[in-house]
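Residues in the sequence shown are numbered from 0 upward in steps of one, following the working numbering.
In this text, a Cβ means the ideal position worked out from N, Cα and C, and glycines have one as well.
Remember, predicted model here, so these are calculated numbers, not experimental data.
Single-structure report; data block below.
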Amino acid sequence: MSHIIELPEVLANQIAAGEVIERPASVVKELVENAIDAGSSQIIIEIEEAGLKKIQITDNGHGIVHDEVELALRRHATSKIKNQADLFRIRTLGFRGEALPSIASVSVLTLLTAVEGASHGTKLVARGGEVEEVVPATSPVGTKVCVEDLFFNTPARLKYMKSQQAELSHIIDIVNRLGLAHPEISFSLISDGKEMTRTAGTGQLRQAIAGIYGLASAKKMIEIENSDLDFEISGFVSLPELTRANRNYISLFINGRYIKNFLLNRAILDGYGSKLMVGRFPLAVIHIHIDPYLADVNVHPTKQEVRISKEKELMTLVSEAISNSLKEQTLIPDALENLAKSTVRNRQKVEQTILPLKENTLYYEKTEATRPSQAEVADYQIELTEEGQDLTLFAKETLDQLTKPAKLHFAERKPANYDQLDHPELDLASLDKAYDKLEREESSSFPELEFFGQMHGTYLFAQGRDGLYIIDQHAAQERVKYEEYRESIGNVDQSQQQLLVPYIFEFPADDALRLKERMPLLEEVGVFLAEYGENQFILREHPIWMAEEEIESGIYEMCDMLLLTKEVSIKKYRAELAIMMSCKRSIKANHRIDDHSARQLLYQLSQCDNPYNCPHGRPVLVHFTKSDMEKMFRRIQENHTSLRELGKY
């Protein structure tokens, strides 16, 4: 019979390391967070062979006093909390006291530290969790931790490491998130002698975004703010034209801690409404300041999962902050700017990267400029070469002319796949009201357009006071019909049309059981299915907003929506149905329409709450200004002098 024994401390630390230290990026995260908690203003991360050979973190924080250095390598020894009450008001990134002993148990660790006013520093060397040396040493104020031969005594963990490039990308991602979380700290990441990322540490979040994602992306991000008695939200989100194919560019921070939260991600997308294309996600850097009592970070050793009290109120605040900022923007894409970008991309003149470029920070060093319109910054225009075949780029426009942001300023301010987590039950009625409010706020001025032609049965041409507009007729009618259906589906008219021959719908047993639970949602939109035999339902009448020829496919699609979504409110469900129906009933490409129909469509579009995007987020129209046209035909020279003025036309 096996007897119960207490495990040796080294073995216990190695077991704990399995939860805390998954890969080299985990080591970087834990050590850098310790440096942040120590009050550092500058942190340098140096790695070799993607961290498997060496990870060295140097900071200028408070340091560790000589008598406590060896204690720091014991499990659950920490300076972050003192008693049980502190556990409910955690203001530091670390508090468990597990990271340093766990790292030391699977590596060769050297720690060099000193505190201000001490006559000397301290050097500690540990191998596999066993302390080999603790001696006085010369050291500047702060701490340097060097981790070598990671996982040397756990070869099974080494076997599951990915390529060096993959591991390096994880480290870069961690450092980037920490740089966005703490723009007041200067971060530098050096890999095999090459600097990979750097932030200036000025405390300006926009500057940190420019250093990490590039100046071009930072220019297309708008500031958001919102608050109530419990939460304060600030940050930047991208315009709908700047998106990515996954959620990895969404960064959420609670009290300076990077977190992953499924519901807050959904709140961000709800804030955009239908302005985003399906399958596209924005760039977002959002800081949430909250009383620590309302957030439980003691959920998982990685501390990325956080339980939040009053989560539905926070979701509403985030959605409203984004919606309010987008309302103030002109969301018609500039066609010439997009053409310039595609030309640059195709000719590989500019290489996009998520890593920062030093020159990106030059613009922001002009601290005397409080508005972007006061400083000239480079962006692209198009100019033909002498041969008239190629395109070159020159810079003349100002940032204010190109982006026209709302309330944009550089004042000093303080500082992928996501799994759905466990959350308390949501008040869906409140979400209905919030969703309805966001949809209503999608309003802005729309230009007066004079239709004059159609191309390829797909695009409408119209002239406005400020230039040429090209309209996608399918997207335009889809937006018009979407807003009509959004009002009518199950909301205005519940009239039913009797069917001469009822429809029978059959589902697998598990789907049939789930549909029975959600039948009230179908009834809310005017669809009344009755049980008819085993796993079957019968439809004897249909709502008048649904054409009879669409019944079979439409009902199956409506049921699929319910089955694929774990939590759905009636307002959200109606909106999804409106998207489906508007897409089905809109004119398609290669369909010619007469002038009267075209003008009527443009008038209906102008009456929409959001005439700029179809329900899937695609742009409805693009804009060429008169200036854009003159540039393309070389009627404007580099000094912006009109050829007409020079008498050369």
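Take the alpha-carbon of A71 and the one of L110: they are about 10 Å apart. Inter-segment contact for the stretch 152-169 and the stretch 130-141 is absent: fewer than three beta-carbon pairs are separated by less than 8 Å. Take the alpha-carbon of E477 and the one of Q606: they are about 14 Å apart. The alpha-carbon separation between G128 and V174 amounts to approximately 26 Å. The beta-carbon distance between A207 and T198, rounded to whole angstroms, is 5 Å. This is short enough to meet the 8 Å contact definition. Taking a cut-off of 8 Å for Cβ pairs, the stretch 34-54 and the stretch 116-131 do not touch, as fewer than three such pairs fall below it. Per the coordinates, the alpha-carbon of L563 lies some 22 Å from the alpha-carbon of E533. The residue among Y481, N59, N33 with its C-alpha nearest the C-alpha of S39 is N59. Each of Y257, V296, P291 was checked against the Cα of A283, and the nearest Cα belongs to Y257. Nearest Cα to G62 within the set V236, L262, G116, H590: G116. Counting the other CB atoms within 10 Å of its CB gives Q203 a total of 16 or more, which places it among the buried residues. Taken in chain order, the whole alpha helix (DSSP H) runs of length 4 or more contained in the stretch 144-177 are 154-158. 8 Å or more divides the Cβ of E183 from the Cβ of A98.
Within the same chain, Cβ atoms closer than 6 Å to the Cβ of R243 are found at F280, the five residues on either side in sequence being excluded.
Around the Cβ of E551, a 10 Å sphere holds fewer than 16 other Cβ atoms; the residue is exposed.
It is roughly 21 Å from the alpha-carbon of P100 to the alpha-carbon of I43. The C-beta distance from P23 to I223 rounds to 34 Å, too long to fall under 8 Å, and the pair is not in contact. In the displayed model, M545 falls within coil according to three-state DSSP, outside both helix and strand. Cβ neighbours of G463 within its own chain (closer than 7 Å, five residues either side excluded): P446, E447, L448. For the options F506, I537, Y481, K480, the alpha carbon positioned closest to that of L498 is the one of I537. A buried status is given to A320, since no fewer than 16 other beta-carbon atoms sit within 10 Å of its beta-carbon. When secondary structure is reduced to three states using DSSP, T109 falls in the strand class.
Counting every other CB atom within 10 Å of its CB across the protein chains shown gives N609 a total of 16 or more, marking it as buried.
Around the beta-carbon of P507, fewer than 16 other beta-carbon atoms lie within 10 Å, marking it exposed. Comparing alpha carbon positions, the residue from Q535, E540, Y531 closest to G525 is E540.
The C-beta distance from G616 to M276 rounds to 4 Å, short enough to fall under 8 Å.
If you keep only unbroken beta strand (DSSP E) runs of at least 3 residues inside the stretch 585-645, you get 620-623. In terms of Cα proximity to F230, the closest of V317, E67, A266 is V317. Assigned with DSSP and collapsed to three states, Y292 falls in helix. Contact between Q472 and Y458 holds, since their C-beta atoms are separated by about 7 Å, short of 8 Å. In the displayed model, N225 falls within a strand according to three-state DSSP. With 16 or more other CB atoms across the displayed protein chains lying within 10 angstroms of its CB, V621 is buried. The DSSP-derived three-state label of L275 is coil. Distance check between E327 and each of R246, I307, P291, Y271 places Y271 closest, using alpha-carbon atoms only. If the five residues before and after K625 are omitted, its C-beta is found closer than 6 Å to the C-beta atoms of G466, all from its own chain and listed in chain order. Residues of the same chain with a CB within less than 6 Å of the CB of A215, apart from the 5 flanking positions on each side, do not exist.
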